[in-house]
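Visitor:
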Amino acid sequence: VTCVSVHPSGKLLLSVGKDRTLRTWNLLTGCPAYTQKLKEGAAELVLWNRAGDQYSLSFRNRVSVYALDSGALVCSVEVEKQITSILYVKEQLMAVASELHSIGLHSTVDGKCLARLEGHQSRLIHLLVCVCTASVIGTRNLVLVWEWRQCDEPG
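Count along the sequence shown from 1, then add 419; that gives the number in my numbering.
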């Protein structure tokens, strides 16, 4: 297992692993509910959106966003370098950090890059959003914090 993500309801968990599978776990019973072989290969990251109606899978330099109800591909985001972290900033806005030394803010409706946060000189490791700020940790033990200028509400 390379990554897990708990559904906002707390009742489901998605896991991905080197065995090229996406597994859905029922956290109420502790049993696997569904297993899907991934045609694209092994996913490295998995993440539910905040509403729990979409989930994202990261494959090296691409993030694919899927609808929970149909399993259909909603959109894809491709970047030049290896993706290191993904995070839903708001319901239809995803932050994608990569070895490109910047963070792309992408629409989860059509995958378009709406903004780019620059300022890191090292590889980006992990993203974290708290209310109206975003933090990123790099490989040189440096933490950068951005404040969102247009923040109407948490989440």
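No residue lacks a Cβ here, since even glycine has one placed at the ideal position from N, Cα and C.
For LEU432, count neighbouring Cβ atoms within 10 angstroms of its own Cβ and tell me buried if that reaches 16, exposed if not.
Guide: Here residue 432 refers to the residue found at position 13 of the sequence shown. Buried, since its Cβ has 16 or more Cβ neighbours within 10 Å.
Visitor: Can you list, in chain order, the stretches of the alpha helix (DSSP H) that have 4 or more residues and sit fully within the region 455–513?
Guide: As far as the region 455–513 is concerned, it has no whole alpha helix (DSSP H) run of at least 4 residues.
Visitor: Mind checking LEU466: buried by the 16 CB within 10 Å criterion, or exposed?
Guide: What you label residue 466 is simply residue 47 of the sequence shown in a count that begins at 1. Burial call: buried.
Visitor: Just grab the DSSP bridge partners of HIS525 for me.
Guide: On the sequence shown, position 106 is the one that residue 525 refers to. BP columns for HIS525 point to MET513, CYS532.
Visitor: Could you please give me the residues that DSSP links to THR440 through a beta bridge?
Guide: Taking the sequence shown and counting its residues from 1, the one referred to as residue 440 is at position 21. LYS456.
Visitor: Would you call the region 493–502 in contact with the region 469–485, where contact means no fewer than 3 C-beta pairs closer than 8 Å?
Guide: Counting Cβ pairs under 8 Å, three or more are found: they touch.
Visitor: Whole angstroms are fine: how far does the CA of PRO451 sit from the CA of SER489?
Guide: Here the question's residue 489 lines up with position 70 in the sequence shown. Here the question's residue 451 lines up with position 32 in the sequence shown. Approximately 19 Å, taken between the alpha carbons.
Visitor: When DSSP builds the beta bridges, which residues end up paired with PRO451?
Guide: As a position in the sequence shown, residue 451 is number 32, starting the count at 1. Answer by DSSP bridge pairing, in chain order: TRP444.
Visitor: Determine the burial state of GLY429: buried for a count of at least 16 other Cβ atoms within 10 Å of its Cβ, exposed for fewer.
Guide: As a position in the sequence shown, residue 429 is number 10, starting the count at 1. With fewer than 16 Cβ atoms within 10 Å of its Cβ, GLY429 is classed as exposed.
Visitor: Bridge partners for SER424 per DSSP, in chain order?
Guide: Here residue 424 refers to the residue found at position 5 of the sequence shown. According to DSSP, SER424 bridges with LEU433.
Visitor: Do you know offhand how far ARG439's Cα is from ALA534's?
Guide: Residue numbering aside, residue 439 sits at position 20 when the sequence shown is read from its first letter. Residue numbering aside, residue 534 sits at position 115 when the sequence shown is read from its first letter. Rounded to the nearest angstrom, the two C-alpha atoms are 32 Å apart.
Visitor: Select from THR527, SER521, CYS422 the residue whose C-alpha is nearest the C-alpha of CYS494.
Guide: Numbered from its first residue, the sequence shown carries residue 494 at position 75. Selected option, being the one with the closest Cα: THR527.
Visitor: Taking the beta carbon of THR448 as the centre, do at least 16 other beta carbons fall within 10 Å, making it buried, or is it exposed?
Guide: For the purposes of this step, residue 448 is taken as residue 29 along the sequence shown, with counting starting at 1. Exposed, because fewer than 16 other Cβ atoms sit within 10 Å of the Cβ of THR448.
Visitor: Pull up the distance between the alpha-carbon of LEU492 and that of ALA486, whole angstroms please.
Guide: Against the sequence shown, residue 492 aligns to sequence position 73. Against the sequence shown, residue 486 aligns to sequence position 67. Taking the straight line joining both Cα atoms gives about 7 Å.
Visitor: Considering only residues of the same chain and omitting the five flanking positions on each side of LEU446, which have a CB-CB separation below 6 Å?
Guide: Here residue 446 refers to the residue found at position 27 of the sequence shown. Here the set comprises LYS430, LEU432.
Visitor: If we count the other Cβ atoms within 10 Å of its Cβ and call it buried at 16 or more, is TYR474 buried or exposed?
Guide: Locating residue 474 in the sequence shown gives position 55, counting from the first residue. Buried, since its Cβ has 16 or more Cβ neighbours within 10 Å.
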